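Student: First residue of the sequence shown? That's 135 in this note's numbering, and the numbers climb one at a time after it.
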Amino acid sequence: MHVRKLFGMGAVLLLSAAFAVAQQAGTTQIKHVPVKATNAASGQEMYASYCAVCHGANATGNGPAQSALKNPATDLTTLAQKNGGKYPGLHVSSILRGDAELAAHGSKDMPVWGPLFRNLSQGHDAEVQQRIANINSYIESLQKK
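1) Rounded to the nearest angstrom, what separates Gly177 and Asn205 at their Cα positions?
2) Looking only at C-alpha atoms, which of Leu254, Asp209 and Asn268 sits nearest to Lys170?
3) On the CB-based measure, 16 or more other CB atoms within 10 Å of its CB, does Asn173 come out buried or exposed?
4) Suppose you measure from the CA of Thr194 to the CA of Asp233; what does that come to, to the nearest Å?
5) Pairs of beta-carbons, one from the region 177-193 and one from the region 264-277, closer than 8 Å: are there three or more?
6) Would you decide whether Gly197 is buried or exposed? Buried here means 16 or more other CB atoms lie within 10 Å of its CB.
7) Taking the alpha carbon of Gln263 as the reference point, which residue from Val226, Gly248, Met180 and Lys216 has its own alpha carbon closest?
8) Using the C-alpha atoms, what's the distance from Ala207 back to Asn217?
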């Protein structure tokens, strides 16, 4: 009986280890790097530095990090279409600040830019708001007509 119990425990441990290795082999790791300082006045520059890695250079959700995401990145060019033709600027600002959570982002796949911008701006709230407003305006300019 003792040998049978040991054999069973060994099989469970072996299967658990194989499962863990298989799970790790299928995941892509994202390297976390410091936030790059950008011009707060340029929504396009900030988008390219902070958003394009997931949402893509053309904002359609096809960025180079897409394979590492739990959920696909949103196509930012269709936000107005999905909102009855009106760009949801207040909602986008709320997401950028980190005030609103998105089901698609699960447990904060998307960085909460508000605190990161506060860090970049050394706590100057006016600059943080300028950054959020300018990224938001740039994303609005990308909307499909």
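We put the beta carbon where it would ideally sit given N, CA and C, even for glycine. Here the structure is a predicted model, which means the values were calculated and not measured.
Tutor: In brief:
1) Between the C-alpha atoms of Gly177 and Asn205 there is a straight-line separation of about 25 Å.
2) The shortest Cα separation from Lys170 among Leu254, Asp209 and Asn268 belongs to Leu254.
3) When all chains shown are included, Asn173 counts as exposed.
4) Computed Cα separation, rounded: 23 Å.
5) The answer is yes - the region 264-277 touches the region 177-193, with three or more Cβ pairs under 8 Å.
6) Gly197 comes out buried.
7) It is Gly248 whose Cα lies nearest to the Cα of Gln263.
8) The straight-line gap from Cα to Cα measures roughly 18 Å.
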